[in-house]
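> Here this note's numbering = 1-based position in the sequence shown + 7.
All C-beta atoms, glycine included, are put in the ideal place defined by N, C-alpha and C.
These numbers were taken from a predicted model, which means no experiment stands behind them.
Structure provided below as structure tokens; questions to follow.
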Amino acid sequence: MKLAVIGTGYVGLVSGVCFSELGNDVICVDHLKEKVALLNKGEVPIYEPGLKELIASNKSEGRLQFTTDLPEAVRQSDIIIIAVGTPSLPSGKANLSYIEQAAREIGLAMNGFKIIATKSTVPVGTNEHIQTIIASQTAFPFEVASVPEFLREGTAVQDTLHPDRIVIGTSGETARKYLTELHRPLTEHIMSTDIRSAEMIKYASNAFLAAKISFINEIANICEKVGADVTEVAEGMGYDHRIGSSFLKAGIGYGGSCFPKDTQALIQIAGQMDYDFKLLKSVVDVNRDQRFNVIRKLEASLGDLAGRTVAIWGLAFKPETDDVRDAPAFEIIDALVKRGANVKAYDPIATANFRQQFGESGVVYCADAEEAAIQADALCILTEWKEFRDIKPLSIQSWLRTPNLIDGRNIYSEHELANTQLIYYSVGRPNMNHGVKEQKPLLSL
Ligand SMILES: NC(=O)C1=CN([C@@H]2O[C@H](COP(=O)(O)OP(=O)(O)OC[C@H]3O[C@@H](n4cnc5c(N)ncnc54)[C@H](O)[C@@H]3O)[C@@H](O)[C@H]2O)C=CC1
Ligand SMILES: O=C(O)[C@H]1O[C@H](OP(=O)(O)OP(=O)(O)OC[C@H]2O[C@@H](n3ccc(=O)[nH]c3=O)[C@H](O)[C@@H]2O)[C@H](O)[C@@H](O)[C@@H]1O
Numbered sequence: 008m009k010l011a012v013i014g015t016g017y018v019g020l021v022s023g024v025c026f027s028e029l030g031n032d033v034i035c036v037d038h039l040k041e042k043v044a045l046l047n048k049g050e051v052p053i054y055e056p057g058l059k060e061l062i063a064s065n066k067s068e069g070r071l072q073f074t075t076d077l078p079e080a081v082r083q084s085d086i087i088i089i090a091v092g093t094p095s096l097p098s099g100k101a102n103l104s105y106i107e108q109a110a111r112e113i114g115l116a117m118n119g120f121k122i123i124a125t126k127s128t129v130p131v132g133t134n135e136h137i138q139t140i141i142a143s144q145t146a147f148p149f150e151v152a153s154v155p156e157f158l159r160e161g162t163a164v165q166d167t168l169h170p171d172r173i174v175i176g177t178s179g180e181t182a183r184k185y186l187t188e189l190h191r192p193l194t195e196h197i198m199s200t201d202i203r204s205a206e207m208i209k210y211a212s213n214a215f216l217a218a219k220i221s222f223i224n225e226i227a228n229i230c231e232k233v234g235a236d237v238t239e240v241a242e243g244m245g246y247d248h249r250i251g252s253s254f255l256k257a258g259i260g261y262g263g264s265c266f267p268k269d270t271q272a273l274i275q276i277a278g279q280m281d282y283d284f285k286l287l288k289s290v291v292d293v294n295r296d297q298r299f300n301v302i303r304k305l306e307a308s309l310g311d312l313a314g315r316t317v318a319i320w321g322l323a324f325k326p327e328t329d330d331v332r333d334a335p336a337f338e339i340i341d342a343l344v345k346r347g348a349n350v351k352a353y354d355p356i357a358t359a360n361f362r363q364q365f366g367e368s369g370v371v372y373c374a375d376a377e378e379a380a381i382q383a384d385a386l387c388i389l390t391e392w393k394e395f396r397d398i399k400p401l402s403i404q405s406w407l408r409t410p411n412l413i414d415g416r417n418i419y420s421e422h423e424l425a426n427t428q429l430i431y432y433s434v435g436r437p438n439m440n441h442g443v444k445e446q447k448p449l450l451s452l
């Protein structure tokens with residue numbers, strides 16, 4: 008099939024490349040000239056494992072092109088996939104201006120029947136809005152569809168080529184037929200539904216996953232008080248297949264370009280219909296506060312943080328990505344700087360993106376993990392990069408001035424800490440002090 012993909016971000020670029028890998032002719036479009044120039048040179052503007060190799064092979068097979076010329080890409084294609092950003096407005100609502108602009112440009116460029124499928128995450132009703140915009144620009148026939156995307160950053164190629172399910176929401180029979188055919192090689196779980204339900208499936212899925220994370224984080228906070236271990240609790244819960252073991256990792260809360268924005272957007276969508284989504288509001292509140300446990304634990308360990316040196320490992324919102332959008336590291340480092348601490352930060356991939364947004368004030372960016380930890384009064388682990396897991400706690404102990412380790416992602420086990428002098432705080436697990444597990448007093452019942 009001949010496809011145009013509008014937007015070469017995490018979703019558009021990965022989807023476009025994977026569709027070309029399946030043998031389709033794909034033209035990826037972006038209005039950013041520098042991005043397209045980079046892609047045409049064989050370079051990849053984002054860090055996503057496996058993507059660079061797929062781009063190179065599909066370009067050389069002649070199935071993959073990059074351009075800024077949206078009208079020409081639309082004219083040459085049968086299916087147009089919209090994958091532009093839908094960031095939050097200050098109100099929490101989704102900003103639909105990129106979607107609307109893309110729809111207008113598509114409408115103006117039409118030269119025959121087209122299928123327009125939206126992969127961007129958009130509020131319920133948006134695809135019907137897209138339909139109206141396109142119809143106002145062209146007399147050519149077309150059908151719209153909502154085909155929400157469920158990939159995760161860091162595993163985007165794998166997720167796209169092996170999705171759990173594909174959801175196709177449309178009222179157009181031709182769109183349903185061709186989009187089913189397009190996705191058929193990826194999975195047998197192709198769900199066909201109406202447009203509004205498809206749009207809602209995306210928000211409901213992200214909100215549910217966010218709720219699982221806030222739930223386990225609250226359980227972790229209670230575990231800390233009662234002397235239980237949240238990793239054991241999550242394991243025990245996860246064996247129940249109605250609950251499932253995934254997304255039960257306690258930590259510093261979720262970040263990223265989607266959960267924070269999509270939970271806010273769903274609260275707004277409900278609110279516009281006079282529905283107060285109380286549960287989701289609590290999910291957001293719990294998440295917002297969870298990251299500050301790192302500061303509370305630092306203060307419990309060091310007292311006043313003014314003049315103290317704090318090392319930070321991990322700036323990306325999760326491992327295997329360079330994306331720092333809504334990363335908890337921003338607010339944690341900001342809180343440290345405001346308290347007068349000197350911050351030394353390191354991330355294997357995301358430092359440049361973080362530095363560009365946060366700036367230099369109060370932070371020294373380090374070239375490796377050791378440089379950040381050396382002579383610090385405490386080390387905080389904010390992202391569970393494998394590189395950090397591979398570092399022995401005894402090395403950390405030898406680098407720090409005072410042996411305080413705040414592990415925001417529970418990467419070390421009790422066993423690994425047993426022969427160290429570290430004062431170790433994690434999330435929802437007993438503290439370790441010089442290799443000894445702190446016991447909580449007997450609970451009064
Ligand atoms: N990042 C992720 O992991 C996932 C994102 N989504 C959703 O997919 C959508 C896209 O997300 P990302 O790929 O992260 O966004 P992004 O911000 O990384 O990329 C969007 C791209 O679209 C381009 N663009 C905007 N308007 C354009 C226009 N009129 N013509 C051509 N190019 C245009 C921008 O220059 C940018 O390169 C969002 O709605 C997001 O919620 C869904 C699932 C996963
Ligand atoms: O709509 C989107 O953009 C995407 O949002 C998430 O994907 P992503 O944000 O890339 O990453 P996740 O792996 O879901 O992690 C999100 C955040 O939750 C945190 N998390 C995740 C799982 C967990 O058990 N605990 C936890 O704290 C991570 O550290 C991270 O900050 C969803 O998992 C994707 O299905 C969805 O397509």
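So does G16 have its beta carbon nearer than 7 Å to some heavy atom of ligand 1?
Numbered from its first residue, the sequence shown carries residue 16 at position 9. Result yes, Cβ under 7 Å from ligand 1.
> Going by C-alpha to C-alpha distance, which of R298, I276 and F299 sits closest to K288?
Residue numbering aside, residue 288 sits at position 281 when the sequence shown is read from its first letter. With distances taken between Cα atoms, K288 lies closest to I276.
> In the DSSP assignment, the alpha helix (DSSP H) including Q138 goes from what residue to what residue?
Taking the first residue of the sequence shown as 1, we reach residue 138 at position 131. T133 to Q144 is the extent of the alpha helix (DSSP H) around Q138.
> Compare the Cα-Cα distances from G69 to each of N228, N31 and Q83 and report the closest residue.
Numbered from 1 along the sequence shown, position 62 holds the residue referred to as residue 69. Considering only alpha carbons, the answer is N31.
> Assuming contact is defined by CB atoms lying nearer than 8 Å, are L386 and A380 in contact in what I supplied?
Here residue 386 refers to the residue found at position 379 of the sequence shown. Here residue 380 refers to the residue found at position 373 of the sequence shown. Their beta carbons are under 8 Å apart, which means L386 touches A380 by this criterion.
> How would you label G258, buried or exposed, when you count the other beta carbons within 10 angstroms and need 16 or more for buried?
Counted from its first residue, the sequence shown places residue 258 at position 251. The residue in question, G258, is buried, as its Cβ has 16 or more Cβ neighbours within 10 Å.
> Taking the C-alpha atoms as reference points, what is the distance between S253 and A142?
Within the sequence shown, numbered from 1, the residue matching residue 253 stands at position 246. Within the sequence shown, numbered from 1, the residue matching residue 142 stands at position 135. So the two alpha carbons sit approximately 43 Å from each other.
> Helix, strand or coil for V91 per DSSP?
As a first step, residue 91 must be located in the sequence shown, where it is residue number 84. Of the three classes helix, strand and coil, the one that applies to V91 here is coil, per DSSP.
> Within 8 Å, do at least three Cβ pairs link the region 260 to 276 to the region 190 to 199?
At 8 Å Cβ cutoff, the stretches do not touch.
> When the Cα atoms are used, what is the spatial distance from A313 to T93?
Counting from 1 along the sequence shown, the entry for residue 313 is found at position 306. Counting from 1 along the sequence shown, the entry for residue 93 is found at position 86. Answer to the nearest angstrom: the Cα atoms are 39 Å apart.
> Who are the near neighbours of I62 in its chain, counting only those whose CB is closer than 6 Å to its CB and skipping five residues on each side?
Counted from its first residue, the sequence shown places residue 62 at position 55. Taken in chain order, the residues that qualify are V24.
> Classify T316 as buried or exposed, calling it buried when 16 or more other Cβ atoms lie within 10 Å of its own Cβ.
By 1-based counting over the sequence shown, the position of residue 316 is 309. Its Cβ being crowded by 16 or more others within 10 Å, T316 is buried.
> Could you name the residues that DSSP lists as bridge partners for S153?
The residue you call residue 153 lines up with position 146 of the sequence shown. Partner(s): T125 and G176.
> Looking only at its chain, what residues have a beta carbon closer than 7 Å to the beta carbon of R159, apart from the 5 residues adjacent to it on each side?
Your numbering for residue 159 matches position 152 in the sequence shown. Excluding residues within five positions, the ones whose Cβ falls inside 7 Å are D166.
> Kindly indicate the opening and closing residues of the alpha helix (DSSP H) around N47.
For this step, residue 47 is matched to residue 40 along the sequence shown. Segment K40 to N47, the alpha helix (DSSP H) holding N47.
> Between the Cα of K121 and those of A110, I87 and A235, spot the shortest distance and give me the residue it belongs to.
The sequence position of residue 121 within the sequence shown is 114, counting from 1. K121 has its Cα closest to that of I87, out of A110, I87 and A235.
> When the Cα atoms are used, what is the spatial distance from G251 to G161?
Locating residue 251 in the sequence shown gives position 244, where the first residue counts as 1. Locating residue 161 in the sequence shown gives position 154, where the first residue counts as 1. Taking the straight line from one Cα to the other gives about 22 Å.
> Taking the alpha-carbon of R172 as reference, which of V164, V154 and I220 has the nearest alpha-carbon?
Here the question's residue 172 lines up with position 165 in the sequence shown. The candidate whose alpha carbon is nearest that of R172 is V154.
> Could you spell out the range, first to last residue, of the beta strand (DSSP E) harbouring F222?
The residue given as residue 222 occupies position 215 in the sequence shown. Per DSSP, F222 belongs to no beta strand (DSSP E); it is in the alpha helix (DSSP H), I202 to V233.
> Just the C-alpha distance for T128 and E107, rounded to the nearest angstrom, thanks.
Numbered from 1 along the sequence shown, position 121 holds the residue referred to as residue 128. Numbered from 1 along the sequence shown, position 100 holds the residue referred to as residue 107. So the alpha carbons of these two residues sit roughly 13 Å apart.
> Go ahead and pull the three-state DSSP assignment for W406.
Position 399 of the sequence shown, counting from 1, holds the residue named residue 406. DSSP places W406 in helix when its eight states are reduced to three.
> Using the C-alpha atoms, what's the distance from E225 back to R295?
The count along the sequence shown starts at 1 and reaches residue 295 at position 288. The count along the sequence shown starts at 1 and reaches residue 225 at position 218. Taking the straight line joining both Cα atoms gives about 12 Å.
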